[in-house]
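Following: one structure in structure tokens, then a few remarks.
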Amino acid sequence: MQTQAHTQAALQAQLEAQERADVWWASLLRTRFEGGAIDVAWDEFVRLFRAKFVLEHIQDQMEQKFLSLAQGSMTMLEYEARFSELSKYAPHIVEDERRKTKKFVMGLKPSPRTRLVAFDHRTLDEALSAACRQEGELEQYFEEKKASQKRPTATFQRQDKKKAVY
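What the sequence shown shows, in full-length UniProt numbering, is residues 1 to 166, in sequence order.
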């Protein structure tokens with residue numbers, strides 16, 4: 001029964017949070033956006049929502065995670081997903097496409113980073129595409145290398161030269 005009580009408590013907390021958010025949004029529409037007569041851009045809504053419901057120190061922590069994000073052992077797509085997830089906490093960086101791209105590239109492992117920096121990609125999509133191609137080529141190279149090491153190599157036996165008898 002313990003899990004049922006936890007489930008009930010979680011549902012109750014969710015309903016209360018949703019009600020609180022609904023009241024906040026309705027009030028904001030009335031007072032700030034003339035009862036909904038003025039359209040609200042999604043980015044503006046997200047900014048306002050975070051300011052109201054996400055504690056400032058949590059936002060700061062998430063921004064720091066974004067700023068220190070590095071690919072490490074993640075695949076390129078895992079790194080890009082984490083980058084995108086955390087980037088919302090650093091809008092001042094990601095609103096400029098070149099800065100966002102540079103931040104992405106600088107967080108890559110040294111090998112792909114070195115190659116990508118040379119090409120100076122202007123968009124994140126370009127950089128990600130090039131990085132994924134490189135990652136795929138590298139994986140293929142290692143698979144081929146591994147396969148070639150598994151193949152039995154022909155053994156050559158050295159024939160000793162006969163010694164001349166005098």
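Ideal placement from N, C-alpha and C gives every residue a C-beta, glycine not left out.
Where residue i falls: helix, strand or coil (DSSP)
{"i": "I38", "result": "coil"}
{"i": "Q12", "result": "helix"}
{"i": "H6", "result": "helix"}
{"i": "D120", "result": "coil"}
Close-in-space but distant-in-sequence residues of the same chain around residue i (CB under 7 Å, 5 per side omitted)
{"i": "K52", "result": "W24"}
{"i": "M117", "result": "One detail in the question is off: residue 117 reads as Val in this sequence, not Met. Once the five neighbours on either side are set aside, the close Cβ partners of V117 are V105."}
{"i": "V40", "result": "F33"}
Cβ distance (whole Å) where residue i is taken to contact residue j below 8 Å
{"i": "A81", "j": "E63", "result": "The pair is not a contact, with the Cβ atoms about 18 Å apart (cut-off 8 Å)."}
{"i": "residue 167", "j": "L69", "result": "Here the chain has residues from 1 to 166 only, and residue 167 is not among them."}
Chain-order list of residues whose beta-carbon lies under 8 Å from that of residue i (same chain, five-residue window excluded)
{"i": "R122", "result": "E97, R98 and T101"}
{"i": "L128", "result": "M76, E80 and F104"}
Beta-carbon contacts of residue i that lie in its chain and below 6 Å, excluding the five residues immediately before and after
{"i": "Y141", "result": "none"}
{"i": "I58", "result": "none"}
4-residue-minimum alpha helix (DSSP H) runs that sit fully inside the UniProt domain "Retrotransposon gag" (16-110), ordered along the chain: 42-53, 56-67, 76-87, 91-94 and 97-106
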